[in-house]
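In UniProt numbering, the protein residues as written are 1 to 279. Glycine included, every Cβ here is placed at the ideal spot set by N, Cα and C.
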């Protein structure tokens, strides 16, 4: 159906009828006296808006907060160099767990120390906390990776990145807080003595198929990095996620179950065969 067109004549007739009805309604309201009552009620009910007097507020002038460096420049004085300022440290670093400051005269000695016996300084309060009965009882719960996290005495494993006290019962470093003794639950490369050669008991066994006792007895033990660099076994590589990404290789994840199902002793043996087959 098409739209109905409205002509000018029909529109004028409608407006005339509407105007007639409006005037008729007004006349009826005036005769009843309702129209005047409505207008009066509107005047009464509508409250007059009170004008608020303008009050100028004067705010007090407070000094601007400026840094010490800007204040020094404005005063014409010399600025303090960063060499004279104390280092900015987090609250965790400021706590009693952070006193591993190495004096300059001991830097040479620190370089010659094994990676599983880094040089640190401890306060007496730290030693009392580390040697508490609760910590001593829980330390050997997990012999593989340890049970107690310690940001000072704990040595970070290159693979699992766990900075825990070892679970070896006869470890003087983790058990008695003797910082001059090496950690018996972490390895140390005889060549580089770096953090790349530090592995806990569990990671050493699972990732490389070696026992921590055999590594401790072998004074010439080398980490996978040094073994590869010296050409002893070019396919015996470090299989940590960090080192594999540097090689543009995907991390293996928990691959020990797959390796043992395929008959390999560890993840390193599985990767070694894959690299040999790829070449």
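{"Item": "Using CA coordinates, which residue listed in 120, 262, 116 and 25 is at the minimum distance from residue 183?", "Value": "116"}
{"Item": "Between which two residues does the alpha helix (DSSP H) carrying residue 135 extend?", "Value": "133-138"}
{"Item": "Suppose you measure from the CA of residue 235 to the CA of residue 181; what does that come to, to the nearest Å?", "Value": "33 Å"}
{"Item": "Between residue 276 and the rest of its own chain, which residues show a CB-CB distance below 6 Å, the 5 nearest in sequence each way excluded?", "Value": "235"}
{"Item": "From the DSSP output, which residues share a beta bridge with residue 163?", "Value": "156"}
{"Item": "Touching or not, the stretch 166-181 and the stretch 226-234, by the rule of three or more beta carbon pairs under 8 Å?", "Value": "no"}
{"Item": "Is residue 226 helix, strand or coil when you go by DSSP?", "Value": "helix"}
{"Item": "Between residue 132 and residue 141, is the Cβ-Cβ spacing less than 9 Å?", "Value": "no"}
{"Item": "In three-state DSSP terms, what is residue 186?", "Value": "strand"}
{"Item": "How should residue 207 be labelled, buried or exposed, when 16 other C-beta atoms within 10 angstroms of its C-beta is the threshold for buried?", "Value": "buried"}
{"Item": "Leaving aside the five residues before and after residue 105 along the sequence, list all residues of the same chain whose C-beta is less than 7 Å from its C-beta, in chain order.", "Value": "The predicted model places residue 105 with a pLDDT of 42, which falls under 50 and marks its position as unreliable, so this point remains unresolved."}
{"Item": "Closer than 6 Å by C-beta to residue 40: which residues in its own chain qualify, once you throw out the five before and the five after it? Chain order, please.", "Value": "none"}
{"Item": "Determine the DSSP secondary structure at residue 200, reduced to helix, strand or coil.", "Value": "strand"}
{"Item": "What does the alpha-carbon distance come out to for the pair residue 94 and residue 259?", "Value": "Model confidence at residue 94 stands at a pLDDT of 46, short of 50, so the residue's coordinates are unreliable; what they give is reported in the following sentence. Those two C-alpha atoms are separated by around 44 Å."}
{"Item": "Does the Cβ-Cβ distance between residue 197 and residue 188 come in under 9 Å?", "Value": "yes"}
{"Item": "Look up residue 235 in the DSSP assignment and say whether it is helix, strand or coil.", "Value": "coil"}
{"Item": "Would residue 200 and residue 186 be called neighbours here (beta carbons separated by less than 9 Å)?", "Value": "yes"}
{"Item": "Spatial neighbours of residue 272 within its chain, please: C-beta separation below 7 Å, excluding the five flanking residues on both sides.", "Value": "235 and 236"}
{"Item": "Roughly how many whole angstroms lie between the Cα atoms of residue 211 and residue 205?", "Value": "6 Å"}
{"Item": "Between 240, 26 and 222, which lies nearest to residue 251 when the distance is taken from Cα to Cα?", "Value": "240"}
{"Item": "Does the beta-carbon of residue 150 have 16 or more other beta-carbons within 10 angstroms, so that it is buried, or is it exposed?", "Value": "buried"}
{"Item": "Is it buried or exposed for residue 32, if we count other Cβ within 10 angstroms and need 16 for buried?", "Value": "exposed"}
{"Item": "Evaluate residue 164 with the Cβ neighbour count: other Cβ atoms within 10 Å of its Cβ, from every protein chain shown; 16 or more gives buried, anything less gives exposed.", "Value": "buried"}
{"Item": "From which residue to which residue does the alpha helix (DSSP H) around residue 219 run?", "Value": "Where residue 219 is concerned, there is no enclosing alpha helix (DSSP H), given that its DSSP letter is neither H nor E."}
{"Item": "At what residues does the alpha helix (DSSP H) containing residue 169 begin and finish?", "Value": "Counting along the chain, residue 169 falls outside any alpha helix (DSSP H), and DSSP gives it neither H nor E."}
{"Item": "Starting from the C-beta of residue 91, find all residues in its chain whose C-beta is less than 8 Å away, skip the five residues before and the five after it, and write them out in chain order.", "Value": "In this predicted model, residue 91 has a pLDDT of only 44, less than 50, meaning its place in the structure is not dependable; the value taken from the coordinates is given anyway. Answer for residue 91: no residue qualifies."}
{"Item": "Bridge partners of residue 149, per DSSP?", "Value": "164"}
{"Item": "Alpha carbon to alpha carbon, what distance is there between residue 43 and residue 22?", "Value": "23 Å"}
{"Item": "Which residue wins for smallest C-alpha separation from residue 136, given the options 120, 118, 34 and 166?", "Value": "166"}
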